[in-house]
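Engineer: Just so you know, this note's numbering puts 893 at position 356 of the sequence shown, and the rest follows in order with no gaps.
One structure follows; several queries about it will come next.
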Amino acid sequence: MAKKEMRRPIESGCPDGFQYMHPVMVKNFGQWKWHDHPRPGVLRHVSENGDSIWTVRAGTQRILDVFTLRTLCDIGDEFADGHVRFTIRSNIEYMVDGEEKVNPLIDALESAGFVVGGTANSVAMIAHTQGWLHCDIPGTDASGVVKSMMDELIDEFRNCNMPNRVHITTSCCQINCGGQGDIAINVQHTKPPKINHDLVANVCERPSVVARCPVAAIRPAQVNGKPTLEVDEKKCICCGACYPPCPPMQINDPEHTKLAIWVGGNHSNARSKPSFQKLVASGIPNNPPRWPEATAIVKNILNTYKDDARDWERINDWIDRIGWSRFFELTGLPFTKYHIDHWRGSRKSLNSSTHIRF
């Protein structure tokens with residue numbers, strides 16, 4: 538009896554990256570000797586045997602249409618040996634094996650409307666969360682905030698004028714997906730959800746909604762003889778987690794959905810221990826399509842950091858050196874009692890030393 542053919546494995550996980558690498562990168566894998574930064578948006582890596590690879594980074598948005606993708610790929614086929622990759626902050630990078638190919642590639646990108654930059658001590662592309670493309674919690678679309686802010690910060694992306702690199706993130710809410718950056722722009726819901734009790738029993742799986750609340754502020758209730766839910770507004774942190782499993786708990790509001798800005802923090806163990814960001818501005822109007830109020834605050838923080846920080850200080854290092862009181866003084870942002878942590882574990886985050894900062 539013929540032996541049955543074994544089931545082929547199901548492809549899962551990340552594909553082998555070597556098949557997409559430039560041949561020079563494959564040849565010299567693990568043998569790079571040094572690298573430098575000839576100009577903004579361009580990196581050069583040199584291997585132990587003298588081979589070099591030049592990387593050109595161009596600013597691209599996270600959500601790309603087919604036409605833009607084809608344009609980028611056509612440029613890669615013509616000017617970059619057909620090899621591209623995307624960075625973790627959604628920028629495209631082209632790899633070429635000769636210096637003579639760099640300038641034609643840059644000219645092609647800029648003539649097509651793309652900006653070359655985002656390397657070294659510049660303001661890198663703002664990373665953002667899913668937005669309305671995928672998620673239903675957002676109070677506004679993070680990609681729109683990114684577009685409006687990067688239009689204002691394009692010169693800081695194109696040039697390397699910052700004391701050190703600056704990473705900015707935007708999040709559509711404060712509880713789910715997001716990222717660590719030097720500056721974070723978050724969308725805040727500031728009022729508890731408004732519940733349509735007539736629809737809850739027909740639409741929502743109530744036990745799941747109760748379990749989803751991170752602070753146990755939702756509990757079952759009866760209204761007009763119908764099973765529904767109620768919210769303890771003293772506990773509610775206005776996060777919006779209840780809305781996806783229960784749309785009748787509407788929390789988005791054109792007036793009470795605001796933006797907040799957090800700065801500092803450290804996600805790694807480099808230079809200092811990991812730490813959380815701190816709130817520096819809240820209640821910023823959610824004012825599409827250009828969000829001028831939020832953009833003005835971010836530019837103010839960046840300009841103050843650029844003027845006052847020492848060379849190679851990240852934003853969190855700068856704030857740790859001068860102290861938060863000096864930060865608010867230099868930026869002119871109002872400091873209120875709501876900036877101070879008041880939950881039961883906040884004592885560990887408060888300054889308890891008499892060391893003078895200068």
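Note that CB positions come from ideal geometry on N, CA and C, so glycine has one too.
Thinking C-beta only, is CYS741 closer than 8 Å to PRO675?
Structural biologist: The residue given as residue 675 occupies position 138 in the sequence shown. The residue given as residue 741 occupies position 204 in the sequence shown. No, the Cβ-Cβ distance between PRO675 and CYS741 is not below 8 Å.
Engineer: Measuring only the C-alpha atoms, how far is GLY762 from VAL747?
Structural biologist: As a first step, residue 762 is located in the sequence shown; it is residue number 225 there, counting from the start. As a first step, residue 747 is located in the sequence shown; it is residue number 210 there, counting from the start. GLY762 and VAL747 have their C-alpha atoms roughly 19 Å apart.
Engineer: Report the rounded CA-to-CA distance for TRP529 versus PRO700, giving the unit in angstroms.
Structural biologist: Residue 529 is absent from the structure shown; the chain starts at 538 and stops at 895.
Engineer: Classify ARG851 as buried or exposed, calling it buried when 16 or more other Cβ atoms lie within 10 Å of its own Cβ.
Structural biologist: Working through the sequence shown from its first residue, we reach residue 851 at position 314. When all chains shown are included, ARG851 counts as buried.
Engineer: Between the Cα of ARG599 and those of ASP553, GLU637, GLN667, HIS620, spot the shortest distance and give me the residue it belongs to.
Structural biologist: Working through the sequence shown from its first residue, we reach residue 599 at position 62. Residue GLN667 is the option with its Cα nearest to ARG599.
Engineer: For PRO822, tell me which candidate among ASN803, ASP573, HIS793, LYS843 has the shortest Cα-Cα distance.
Structural biologist: Taking the sequence shown and counting its residues from 1, one reaches residue 822 at position 285. For the residues ASN803, ASP573, HIS793, LYS843, the minimum Cα distance to PRO822 belongs to HIS793.
Engineer: Ordered along the chain, which non-local residues of its own chain (more than five positions away) have a Cβ less than 7 Å from that of ARG695?
Structural biologist: Numbered from its first residue, the sequence shown carries residue 695 at position 158. Within the same chain, ARG695 has close Cβ partners PRO577, VAL652, GLY654.
Engineer: Mark HIS726 as exposed unless 16 or more other C-beta atoms lie within 10 angstroms of its C-beta, in which case mark it buried.
Structural biologist: By 1-based counting over the sequence shown, the position of residue 726 is 189. When all chains shown are included, HIS726 counts as buried.
Engineer: With distance defined between alpha-carbon atoms, name the residue in TYR842, ASP857, GLU866 nearest to LEU887.
Structural biologist: Within the sequence shown, the letter at position 350 stands for residue 887. With distances taken between Cα atoms, LEU887 lies closest to ASP857.
Engineer: Under the assumption that VAL817 contacts ILE798 (Cβ atoms under 8 Å), give the Cβ distance between them as a whole number of angstroms.
Structural biologist: In the sequence shown, residue 817 corresponds to position 280, counting from 1. In the sequence shown, residue 798 corresponds to position 261, counting from 1. Between ILE798 and VAL817 the Cβ distance is about 6 Å, and since that is below 8 Å, they are a contact.
Engineer: Taking all protein chains shown into account, decide if PRO829 is buried (16 or more other Cβ within 10 angstroms of its Cβ) or exposed.
Structural biologist: The residue labelled residue 829 in the question sits at position 292 within the sequence shown. It is exposed - the Cβ of PRO829 has fewer than 16 other Cβ atoms within 10 Å.
Engineer: Rounded to a whole number of angstroms, what is the C-alpha to C-alpha distance between ASP634 and HIS572?
Structural biologist: Taking the first residue of the sequence shown as 1, we reach residue 634 at position 97. Taking the first residue of the sequence shown as 1, we reach residue 572 at position 35. Each residue's alpha carbon lies about 14 Å from the other.
Engineer: Spatial neighbours of ALA595 within its chain, please: C-beta separation below 6 Å, excluding the five flanking residues on both sides.
Structural biologist: For this step, residue 595 is matched to residue 58 along the sequence shown. Only ILE629, LEU646, PHE651, VAL653 meet the Cβ criterion.
Engineer: Can you say whether GLN814 is buried or exposed, counting buried as having 16 or more other CB atoms within 10 angstroms of its CB?
Structural biologist: Indexing the sequence shown from 1 puts residue 814 at position 277. Answer is buried; the Cβ neighbour count reaches 16.
Engineer: Based on the DSSP secondary-structure assignment, which residues constitute the bridge partners of ALA797?
Structural biologist: Looking up residue 797 in the sequence shown gives position 260. DSSP output for ALA797 lists ASN723 as bridge partner(s).
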